[in-house]
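The number in our numbering is simply the position in the sequence shown, starting from 1, with 45 added. Please read the structure below before turning to the comments.
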Amino acid sequence: MDITWLSHLTSLEHLDLSGTNLGRVVHLLPVVNMIPSLKFLSLSGCNLRPSYGSLQLSNLTYLETLDLSFNSFHRPITPNWFWGLTSLKFLDIRENGFYGQFPDEIGNMTSIVKIDLSSNNLVGMIPSNLENLCSLEELYVSGNNINESITEFFLRLPGCSWNKLTYLHVDSTNLTGRLPIKLEPLSNLIYLDLSLNKLAGHVPLWIGELTKLAVLDLSNNNLDGFIHEGHLSGLESLEILWLSNNFIALTVNSTWVPPSNLTSIALGSCLLGPKFPSWLRWLTRLEILIISNTSISDTLPDWFWITASTLYTLNMRRNKISGYLPSTMEFMRATAIDLGSNQFNGAIPKLPIGLTELDLSRNNLDGPLPLDFGAPGLTKLILFDNSISGTIPSSLCKLRSLVLLDISENKLIGPVPNCSVEASKNAMSILNLSLRNNNLSGEFPSFLQYCQQLVFLDLAHNHFVGTLPTWIQEKFPYLAFLRVRSNMFFGNIPEELTKLANLQYLDLAYNNITGSIPKSIVNCQRMIATSHDHDHAFVGAFQFTIGLSDGIIDTVSYTENFTVVTKGQERLYTGEIIYMVNLDLSCNNLIGDIPEEISALLALKNLNLSWNNFSGKIPENIGALTGDIPSGNQLQTLDDQEYIYI
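Quick look at the structure:
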């Protein structure tokens, strides 16, 4: 790309090339240096090369704003050409892979108002000569490795601009120690983020003197003690209060009225209970409420649903909150609701139209599933471990955006609805489907052939009958986990099943499967891969078709309700799902030899072939077992026969 023409624009003051691929432009900075009138320059996300670091730009004496963010230089923070631009007021070099100590050169930039060094690989304490930055208002150092005392950090901030500071982002920097008991008020501070550090001790009272503070984030530390009205009553401008994942107890008077501007509260894993916090009723602008695992053991008051009507995110999981879900729930603005692991009763009402994620698992809900869910954009629906009864309604077929559906451990009966008419119009998006532990019947659900992105399928512990479909290879190219144990499937293991290259967990136990084990089982490459290769294989399998957003990774690796059978017992699995490699064909009517190919499945963590009718010898290299397969009663005299698999 030729950009030499830019040098002719000698009166140019504002130049924004952000998002343009300039990686192959050799003379970029010399050209820019020929525009002395420049006041604003943005080269954000331009794929700039590390070699730009040593060039000098002596002509840019009027430059006030420089944005070099998102370029991944991956070079030392010094020397770099931009440290000589002492006229700068705004410098943004975040997410560039810069490494080394925080540079002393920062102290020479006496005009600086905002500096963003976040998400690099800088180490150590900020330099002491920051005391020269008397115009500093915003400091962003998040995502670096300071790994020193919070007290020392505050001492390094410039005293001459103490009352000018408005934004202070120091999250994810490994700050240690206790917050200072006394501190001169940062009277203009608007945003204070100290989250994701190693801070300990009590929250000091000077927090309550930050009268202009709009955002306070102390979450994910080791803070303890109490927070009361003295910490909060002076925060009249507060909009966001995040204290989650500390050891803090919120002890406010029942008559306390919180700051009226609050829109976001996150107090997860703090102590609020046992009573439901009555002060929430005064918050009319609340959009995010996270009070999960807060030791609340109470009936949800009726007024709460008025407060909740403005929420976009509601998370109250892992408490002992009881009550009913109201019919007015459909009028909420919510996009994500998590009430899992509580004691809610009654039926599931019609849902908010904009809802995309719902978790009501581990409650006491009963009655049928809604005939009209009311939320066509649902992507995650998690309802396991309730007492939901009746049949699965055909309205479920209309949830075209579902990627995760878990309705296991309920009292559902009858066949799975035939969604083929709906599904044939457009392939379904579902990646993870669990119907385990119900009383469902009928043949292998035919609508699943339209779920061509399916990764995880669990039909175990139902009353399904018939043969396993031969279309399984064609329709499930990404299938990694298949559990159909404890049903009434019969017939042979289809060879198509063993040609699923991504298959790593296959459980056909406790059915009426006949015939022999196909030698093509060796085609299951994920049962062969070493643990090092396995991680890459798991990720690579979906990358080019599904994409690996955080939500997709969460869905594929969802283990909230994933059980495995080992040593004769079914247990909740709590490890990394990508490392669970299993083959369980036990308690069927399989015959013939155990194929030698099974010994090639080196990644197997669990192999169970017990209670079949195999003959011949045990293949070599399977658990160092040798000799003929025992027949008759040779094993009957051994103790703990439930642990004998072959």
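No residue lacks a Cβ here, since even glycine has one placed at the ideal position from N, Cα and C.
Counted within 10 angstroms of its Cβ, other Cβ atoms place residue i as buried (16 or more) or exposed
i	result
residue 509	buried
residue 227	exposed
residue 137	buried
residue 173	exposed
residue 624	exposed
residue 124	exposed
residue 198	buried
residue 109	buried
residue 666	exposed
residue 330	exposed
residue 357	buried
residue 514	buried
residue 511	exposed
residue 140	buried
residue 616	exposed
residue 230	exposed
residue 709	Summary: the structure shown does not reach residue 709, with the chain confined to residues 46 through 691, and so no result is reported for it.
Reduced DSSP secondary structure (H/G/I, E/B, other) of residue i
i	result
residue 323	helix
residue 389	strand
residue 449	strand
residue 443	helix
residue 570	helix
residue 373	helix
residue 528	strand
residue 422	coil
residue 330	coil
residue 407	coil
residue 608	strand
residue 107	coil
residue 355	helix
residue 615	strand
residue 209	coil
residue 159	strand
residue 720	The displayed coordinates of the chain run from 46 to 691. Any statement about residue 720 would go beyond what the structure contains.
residue 30	Residue 30 is absent from the model: the chain starts at 46 and stops at 691.
residue 46	coil
residue 59	strand
residue 267	strand
residue 53	helix
residue 152	helix
residue 494	helix
residue 365	coil
residue 174	helix
residue 254	helix
Residue i to residue j span [Cα, whole Å]
i	j	result
residue 476	residue 454	19 Å
residue 687	residue 419	Any reading at residue 687 must be qualified, since the residue scores a pLDDT of 46, below 50, and its modelled position is unreliable; the value itself is stated next. Answer to the nearest angstrom: the Cα atoms are 47 Å apart.
residue 187	residue 239	9 Å
residue 482	residue 520	25 Å
residue 121	residue 273	45 Å
residue 485	residue 649	30 Å
residue 590	residue 412	Reliability fails at residue 590, whose pLDDT of 37 lies under 50, so the model's placement of it is uncertain and no value is given.
residue 241	residue 268	11 Å
residue 84	residue 375	52 Å
residue 151	residue 82	23 Å
residue 381	residue 393	15 Å
residue 415	residue 388	20 Å
residue 279	residue 266	23 Å
residue 204	residue 153	16 Å
residue 410	residue 334	22 Å
Residue span of the alpha helix (DSSP H) that contains residue i, given as start and end
i	result
residue 542	540-543
residue 518	517-520
residue 201	195-201
N-terminal and C-terminal residue of the beta strand (DSSP E) that residue i is part of
i	result
residue 535	533-537
residue 276	Not the beta strand (DSSP E): residue 276 falls in the alpha helix (DSSP H), residues 274-277.
residue 75	That residue, residue 75, is in no beta strand (DSSP E); its alpha helix (DSSP H) goes 73-77.
residue 627	627-629
residue 652	651-653
residue 501	501-503
residue 478	477-479
residue 400	Here residue 400 belongs to no beta strand (DSSP E), and DSSP marks it neither H nor E.
residue 168	166-168
residue 311	309-311
Contact test: residue i Cβ vs the ligand MG heavy atom, cutoff 7 Å
i	result
residue 405	With respect to the ligand MG, the structure offers nothing, as it holds no ligand at all.
If you pair each beta-carbon of the stretch 295-310 with each one of the stretch 346-354, do three or more pairs fall below 8 Å?
no
Three-pair Cβ contact test at 8 Å for the stretch 488-496 versus the stretch 422-441
no
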